[in-house]
Structures are given as structure tokens and as C-alpha cells.
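Residues 1 to 325 in the UniProt record's numbering are what the first sequence spells out, letter by letter.
All C-beta atoms, glycine included, are put in the ideal place defined by N, C-alpha and C.
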Amino acid sequence: MTSHPLPPVPAAPSGPAAARPAPAAATGSAAGSPAAADLHDLVIDWFDEHARDLPWRRPDAGAWSVMVSEFMLQQTPVSRVLPVHKEWLERWPRPADLAAEPPGEAVRAWGRLGYPRRALRLHAAATAIAHRHDGEVPRDHAELLALPGIGEYTAAAVASFAYGQRHIVLDTNVRRVFARVVSGVQYPPNATTAAERRIAAALLPTEEARAARWAAATMELGALVCGARSPECGVCPVAAHCTWRLSGSPAHDGPPRRGQTYAGTDRQVRGRLLAVLRAAPGPVPRSALDAVWSDAAQRSRALFGLVQDGLVEPLPGERFQLPSR
DNA sequence: CAATCGTGGTG
DNA sequence: TCACCAAGATT
């Protein structure tokens, strides 16, 4: 198999003066170049054979299933999402079903997926869909983006995966794949950059259905083969095209990537407080919450934060519960 | 732009 | 063991 050079990626504008309309003639556009088409085939063919059979990818999965999965998958691994996603779709088959229940039920059913504000936002998004979108998950990227808890990535993912549209889908997996294959570095930057968007745009297949397939395929490649810790280049369909690999897989240089500490933080306290409230069928006395953390100052700060975030509802008589509305 | 926001698996 | 990582969004 012949190894083609990578498609050229448009250079970054060198300054404000360089801001200009996109070239009228997209001659030599990377997406249409032979090398790009080659990459598309390799990755999509690989995907056809190795894609995981996930519930939200099945033919009968609707946009709501996709949307719920995207919320749950924000910073949470597939293996832990699977059982909760199943419960949610059985209990709330449509957005209106979720919207009909108090937000606290969403927080409770969220279980231990982490970042429970996502549950609150998903409930709020479902409510907005029920009221303003006739109960249907919107197809329009801008309308999706306007929903609570949906950012650039999730809007593109829902539009692409649920509705087959052509969008730049830049998640951590895709960014890592492009960092290696195209940019020749081990890891992408901490925050998504304009350069990354240019690369993604340049490589996005022109045809809509193929673009959607490409988005899912590049994500899956990043998840299954081009992992952060252990890239398995031996089975990678584009190893022969990978700039990083071809240059000897150089280790990441520069400042260490941000690490997240957890032990002893407010987040840990919030987690413990909320765990008590999730487990209780109804209101809980303050004494039950006091038991989870010894430092009173930090404890009250965490509880206050939860109330402020709408995750906890204070009641008369020093009692607390999950939000009833 | 950097900090914040949970939780559990893993190399 | 423990730092790192996992389909980000919001402020």
C-alpha cells in the first residue's frame, strides 16, 4: 500500500491584516485532495469493521438517545454511561417525559456519573425542547447550541450523529488523532485552538453523510486505537500516514499538562453531600449532611455552592432535598 | 483564558 | 501507589 503525503493544511493567518474571506476557489482544498480521500477511506473502512455496538448508535436510536448519551459522555467513560443511559431511555423515552418530572429526579437517576450539573442541564434542555421545540430534539446546530449544557462539541455531535449532518466534531479523541496524524505531536493543546479547527475543517469530507461517518470514525479511532496513554499503532489504519509516528513518536515537550487534584477539595465534599441526598427518598436533616465531612467551614461552603447551583433545595427547619423544581 | 465542576478505572 | 485520564460546558 502506497503511503501518500498528508494533505496540506492551510497556514494560519499571520496577523489581523491577514483576516480575509475564504478563498473563492477551493482549489487544492485538503478535503478534496487524493491524500485526504485516502485517509477518509482508511478510517471509515476501519470504523465499518471495528465500531462498537453502542445503544445510541443503533439504527433505532433516536436523536433523544444520542443527546442523552452526549451529555453523559462529557468527561465520563462509555463503560459507566451504558447502564445509566439504558435506565434513562426506558424511564424517559422522550424529552417531555423527563421534563414532566422534577429536576431532582434527574439528579438522582444520574447516580454516580459525576458532574451532576449535567443532569440538571439535561433536564433543563428537555424542558426547553418540550416547550419550545414541540418535543423534538432540534436539528439546527444553532438551536442545539442554545440549549443548556450544549456547547460547540455537543451541538455538532448531535447534529452529526443523530441527523447525519456535516459538522466539525472536535472532541478530545479527534483532537488527539489530528495532533498525531496531522501535527506530529503526542498531545493536542490544552484548549481547542483555531489551528485545530482549520485542520478539522480541511479534512472534513465534502459529502454530508460521509462527513458524519468520518466524525464518528475519527472519534472511535481515538477512543479505541489512538489512546492517550497507549496508542496501538500496530493496528492503526493510518499508521503509515501518521506524522507523529513517522517522526519517531516524539514525547510531549513543553509544560506538563494540567492535572486535576481531587482529594480534599470542595468537589469531593459536594460529591459526598449529594450522595447522601440521592440516597434519601425525601428531605434530609442537616445533621445527616454534617456527618460526611469534618471541616465545618468547607462543608457549609460546599453546601452553599450546591444550593446556589440548584442541585440542592433548602427547606424550612434545617432540612435539604434534591431540587423539586 | 483559567478555574471549576465528580467519579472510578488504570498503567 | 497515585497521577493521569474519560464523547465538555460554563463563568
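Should residue 49 be listed as close to the ligand NAD, given that the test is whether its C-beta is under 6 Å from any heavy atom?
Questions concerning the ligand NAD fall outside what the structure shown contains, since it holds no ligand whatsoever.
Considering Cα atoms alone, identify which of 287, 204, 300, 297 is closest to residue 317.
If you number the first sequence from 1, residue 317 lands on position 317. Taking only the C-alpha atoms, the option nearest residue 317 is 287.
Who are the Cβ neighbours of residue 165 in its own chain at under 6 Å, not counting the five residues just before and after it?
By 1-based counting over the first sequence, the position of residue 165 is 165. Cβ neighbours of residue 165 beyond the five flanking positions: 159.
Please name the residue or residues paired with residue 321 in a DSSP beta bridge.
As a first step, residue 321 is located in the first sequence; it is residue number 321 there, counting from the start. In DSSP, residue 321 forms a bridge with 313.
Which class does residue 182 belong to by DSSP, given the choice of helix, strand or coil?
Against the first sequence, residue 182 aligns to sequence position 182. Three-state result, residue 182: helix.
Buried or exposed: residue 193, going by 16 or more other Cβ atoms within 10 Å of its Cβ?
In the first sequence, counting from the first residue as 1, residue 193 sits at position 193. Exposed, because fewer than 16 other Cβ atoms sit within 10 Å of the Cβ of residue 193.
For residue 154, the first and last residue of its enclosing alpha helix (DSSP H)
The residue given as residue 154 occupies position 154 in the first sequence. Element bounds for residue 154: 152-163.
How close, in whole Å, do the beta carbons of residue 120 and residue 311 come, if the pair is a contact with beta carbons under 8 Å?
Position 120 of the first sequence, counted from the first residue, corresponds to residue 120. Position 311 of the first sequence, counted from the first residue, corresponds to residue 311. Their Cβ separation, rounded to whole angstroms, is 6 Å, which keeps residue 120 and residue 311 in contact under 8 Å.
When you compare only the Cα positions, how much space is there between residue 293 and residue 274?
Residue mapping note: residue 293 aligns to position 293 of the first sequence, counting from 1. Residue mapping note: residue 274 aligns to position 274 of the first sequence, counting from 1. C-alpha separation (whole angstroms): 12 Å.
Restricting to Cα atoms, I'd like to know which of 105, 95, 42 is closest to residue 137.
Here residue 137 corresponds to residue number 137 of the first sequence, with the count starting at 1. The option with the nearest alpha carbon to residue 137 is 95.
In the DSSP assignment, find the alpha helix (DSSP H) that holds residue 168 and state where it starts and stops.
Residue 168 sits at position 168 when you count from the first residue of the first sequence. No alpha helix (DSSP H) contains residue 168, which DSSP labels as neither H nor E.
Where residue 226 sits in the DSSP three-state scheme
Numbered from 1 along the first sequence, position 226 holds the residue referred to as residue 226. Strand, per DSSP.
Residue 285, DSSP secondary structure in three states
Position 285 of the first sequence, counted from the start, is the residue given in the question as residue 285. Three-state DSSP puts residue 285 in a strand.
Buried or exposed: where does residue 112 fall if 16 or more other Cβ atoms within 10 Å of its Cβ makes it buried?
Start at 1 with the first residue of the first sequence, and residue 112 comes out as number 112. Counting Cβ neighbours within 10 Å, residue 112 comes out exposed, since fewer than 16 surround it.
Per DSSP, residue 231 is paired with what?
Against the first sequence, residue 231 aligns to sequence position 231. For residue 231, which the question treats as bridged, DSSP gives the partners 226.
Does the structure place the region 39-49 close enough to the region 225-245 that three or more beta carbon pairs sit under 8 Å?
yes
Please confirm if the region 164-178 is in contact with the region 121-134, defined as three or more CB-CB distances below 8 Å between the two stretches.
no
Take residue 97 as the anchor and find which of 81, 68, 80, 78 has the nearest alpha-carbon.
Numbered from 1 along the first sequence, position 97 holds the residue referred to as residue 97. With distances taken between Cα atoms, residue 97 lies closest to 68.
How close, in whole Å, do the beta carbons of residue 224 and residue 85 come, if the pair is a contact with beta carbons under 8 Å?
Counted from its first residue, the first sequence places residue 224 at position 224. Counted from its first residue, the first sequence places residue 85 at position 85. That pair is no contact at about 19 Å.
Report yes if the C-beta distance between residue 172 and residue 114 is below 7 Å; otherwise report no.
In the first sequence, counting from the first residue as 1, residue 172 sits at position 172. In the first sequence, counting from the first residue as 1, residue 114 sits at position 114. Taking 7 Å as the Cβ cut-off, residue 172 and residue 114 do not qualify as a contacting pair.
Would you mind sorting residue 235 into buried or exposed? The rule is 16 or more other CB atoms within 10 Å of its CB.
Against the first sequence, residue 235 aligns to sequence position 235. Burial call: exposed.
Segment limits, alpha helix (DSSP H) that includes residue 298:
Within the first sequence, residue 298 is the residue found at index 298, counting from 1. Per DSSP, residue 298 belongs to the alpha helix (DSSP H) from 296-308.
Going by DSSP, what residue range makes up the alpha helix (DSSP H) through residue 127?
In the first sequence, counting from the first residue as 1, residue 127 sits at position 127. 117-132 is the extent of the alpha helix (DSSP H) around residue 127.
Would you decide whether residue 257 is buried or exposed? Buried here means 16 or more other CB atoms lie within 10 Å of its CB.
If you number the first sequence from 1, residue 257 lands on position 257. So residue 257 ends up on the exposed side.
Taking the alpha carbon of residue 156 as the reference point, which residue from 102, 213, 183 has its own alpha carbon closest?
Reading the first sequence from its first residue, position 156 is the one you call residue 156. The candidate whose alpha carbon is nearest that of residue 156 is 213.
If I measure Cβ to Cβ from residue 296 and keep anything under 8 Å in the same chain, skipping five residues before and after, which residues do I get?
Here the question's residue 296 lines up with position 296 in the first sequence. Correct list, in chain order: 290.
Assigned exposure category for residue 299 - 16 Cβ within 10 Å defines buried
For the purposes of this step, residue 299 is taken as residue 299 along the first sequence, with counting starting at 1. That one is buried.
Continuous alpha helix (DSSP H) stretch holding residue 40: start and end
For this step, residue 40 is matched to residue 40 along the first sequence. That run of the alpha helix (DSSP H) goes 34-50.
Which residues in the same chain have their Cβ closer than 6 Å to the Cβ of residue 305, if we skip the five residues on either side of it in sequence?
Along the first sequence, read from residue 1 onward, the residue named residue 305 stands at position 305. Hits under 6 Å: none found.
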